[in-house]
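The UniProt record's numbering puts the first residue of the sequence shown at 1, with every later residue one more than the last.
Quick reminder that beta carbons are idealized off the backbone N, C-alpha and C, glycines included.
Worksheet for the structure shown next.
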Amino acid sequence: MSNIYESAANTLGIFNSPCLTKVELRVACKGISDRDALSKPDPCVILKMQSHGQWFEVDRTEVIRTCINPIFSKLFTVDFYFEEVQRLRFEVHDISSNHNGLKEADFLGGMECTLGQIVSQRKLSKSLLKHGNTAGKSSITVIAEELSGNDDYVELSFNARKLDDKDFFSKSDPFLEIFRMNDDATQQLVHRTEVVMNNLSPAWKAFKVSVNSLCSGDQDRRLKCIVWDWDSNGKHDFIGEFTSTFKEMRGAMEGRQVQWECINPKYKAKKKNYKNSGMVILNLCKIHKMHSFLDYIMGGCQIQFTVAIDFTASNGDPRNSCSLHYIHPYQPNEYLKALVAWYLVFSLPLGIRDMQMLDGDDGILRSPKGEPVLRDIVQFVPFRNFKHASPAALAKSVLAEVPNQVVDYYNGKGIKPKCMSEMYESSRTLAP
1 MSNIYESAAN TLGIFNSPCL TKVELRVACK GISDRDALSK PDPCVILKMQ
51 SHGQWFEVDR TEVIRTCINP IFSKLFTVDF YFEEVQRLRF EVHDISSNHN
101 GLKEADFLGG MECTLGQIVS QRKLSKSLLK HGNTAGKSSI TVIAEELSGN
151 DDYVELSFNA RKLDDKDFFS KSDPFLEIFR MNDDATQQLV HRTEVVMNNL
201 SPAWKAFKVS VNSLCSGDQD RRLKCIVWDW DSNGKHDFIG EFTSTFKEMR
251 GAMEGRQVQW ECINPKYKAK KKNYKNSGMV ILNLCKIHKM HSFLDYIMGG
301 CQIQFTVAID FTASNGDPRN SCSLHYIHPY QPNEYLKALV AWYLVFSLPL
351 GIRDMQMLDG DDGILRSPKG EPVLRDIVQF VPFRNFKHAS PAALAKSVLA
401 EVPNQVVDYY NGKGIKPKCM SEMYESSRTL AP
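Structure, rendered in structure tokens:
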């Protein structure tokens, strides 16, 4: 039995950690063409990864309305294994505002490559292909950046006051973009807020971004913030800009505010009495520490583990209406009811080791209403794959997702591990 314990320890990361590097992928497209010549597309990029000859969705970007040259703010975070060939597919879809499904969306083009190609070149640009042919002059660019050891996230909340009005018959529709200034004088989009319609003093929703993405771990790295007036034709009007650093933004911690003048350089050069084009205020800057599985284990976390085995054949012939596998033409069967129940418990400290259709390894899972879940709580392990394997191999597969499930749950609930100093003081108190 010792080899089972050793396998479990290796799986849980107690003795060894896998040889991998986390990589962030940023995506931009250029010259996207649409089937409808009278309107511009609403593009979204879906990242898929090949596994055992099949393509599975990893993640997708936000949808950018009426844009042929989108720069997406959503990042893809993937694990890079040097010793493996990891095949990726980037698909560009035109998703209209009244749905998010792909069945009704227009496929605008795709690009296939390996993660190794992107990492080795750091910036990979290719033409989009549609049904084996180039999709007009459209292209896609993917930029790779290795994540540093800092996995912390920062939560920011901005609002503005008295912005310039750029519309004749209504007020401006402002949104904010934050760029990180790189060492090579280029700038990288970090985040784009939502648009607040018809409002010169907008309050944008709070958002989270990794410290690595925001400033590459350098608190003095310059950040450029631009306020735009959104236009439906994609030609947004420039309102103003300002620069800052993460160190300066940290001044908004502990309930304080940091504010900047939003400056339009052209107005400042031409108008003698020009002051600013409004004020931008940072109301919240909160750092969220992303703890590891070992942090919780070393903090005294103990896991109670229960295993149940499903003998599928006992359900009988699926054509029989008494079988749990029977698909009723008008009423939900037991499995659809289980899907609804499963969606309701994904926020609880629970993991399910059963039902392959609930396993989120092969793509983002959604409820029957199309709502995406926050974390994967299912690990399906068919015993037939281990009939001739060692017990240690079965134990390793069963325990494979326990570390991520523990970390996702505790971090999602904001539960911090007990630090070693607290444990030391506790042991001193209990000592005779």
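State the CB to CB distance for the pair residue i and residue j, rounded to an integer number of angstroms; the pair is presumed to be in contact (CB under 8 Å).
{"i": "H291", "j": "N411", "result": "7 Å"}
{"i": "F277", "j": "C262", "result": "In the sequence as presented, Phe is not what sits at residue 277; that position holds Ser. Going by Cβ atoms, the distance from S277 to C262 rounds to 5 Å, so yes, they are a contact pair."}
{"i": "S139", "j": "C29", "result": "7 Å"}
{"i": "V406", "j": "Y296", "result": "6 Å"}
Taking only the alpha-carbon atoms, compute the straight-line gap between residue i and residue j and give it to the nearest angstrom.
{"i": "T61", "j": "I327", "result": "35 Å"}
{"i": "I239", "j": "Q188", "result": "20 Å"}
{"i": "G251", "j": "G234", "result": "34 Å"}
{"i": "E84", "j": "T114", "result": "10 Å"}
{"i": "M279", "j": "Q259", "result": "7 Å"}
{"i": "R222", "j": "R180", "result": "7 Å"}
{"i": "L284", "j": "S397", "result": "42 Å"}
{"i": "T141", "j": "K123", "result": "7 Å"}
{"i": "L358", "j": "V381", "result": "Caution is warranted here: a pLDDT of 42 is assigned to L358, below 50, making its placement in the model unreliable, and the coordinate value is therefore given only provisionally. Distance between the alpha carbons of L358 and V381 is about 12 Å."}
{"i": "N320", "j": "Y330", "result": "15 Å"}
{"i": "L394", "j": "P202", "result": "55 Å"}
{"i": "L200", "j": "S172", "result": "6 Å"}
{"i": "R161", "j": "Q117", "result": "46 Å"}
{"i": "G109", "j": "A392", "result": "44 Å"}
{"i": "K268", "j": "H236", "result": "20 Å"}
Among the candidates the options, whose CA atom is the shortest distance from the CA of residue i?
{"i": "G299", "options": "P174, K418, K130 and S125", "result": "K418"}
{"i": "Y153", "options": "N385, K286, N404 and A392", "result": "K286"}
{"i": "Q257", "options": "E24, L156 and S139", "result": "L156"}
{"i": "R137", "options": "I68, K205 and G116", "result": "The sequence shown places Lys at residue 137, not Arg. For K137, the nearest C-alpha among the options comes from I68."}
{"i": "P174", "options": "T141, A203, W228 and H131", "result": "W228"}
{"i": "L47", "options": "E401, E112, T245 and V119", "result": "E112"}
{"i": "P70", "options": "V92, H52, L88 and N385", "result": "V92"}
{"i": "D218", "options": "D183, C322 and P329", "result": "D183"}
{"i": "E24", "options": "R319, A206 and E145", "result": "E145"}
{"i": "L129", "options": "Q54, F293, Q304 and S33", "result": "S33"}
{"i": "L176", "options": "S213, A389 and M197", "result": "M197"}
{"i": "A185", "options": "K205, K224, V195 and N212", "result": "K224"}
{"i": "F76", "options": "F82, T66, F90 and I64", "result": "F90"}
{"i": "T134", "options": "F107, I143 and Q117", "result": "F107"}
{"i": "D59", "options": "S39, F82 and V27", "result": "V27"}
{"i": "L147", "options": "T66, L214 and A206", "result": "L214"}
{"i": "G53", "options": "K416, V78, V211 and L88", "result": "L88"}
In the DSSP assignment, what residue or residues form a beta bridge with residue i?
{"i": "W260", "result": "V280"}
{"i": "I239", "result": "Beta-bridge pairing links I239 to no other residue."}
{"i": "I46", "result": "R60 and E91"}
{"i": "T21", "result": "F80"}
{"i": "A206", "result": "The partner list for A206 (beta bridge, DSSP) is empty, contrary to what the question assumes."}
{"i": "W230", "result": "DSSP lists no partner for W230."}
{"i": "Y153", "result": "S210 and H288"}
Can you confirm whether the region 163-171 touches the region 42-58 when touching is taken to mean that 3 or more C-beta pairs between the two stretches lie within less than 8 Å? no
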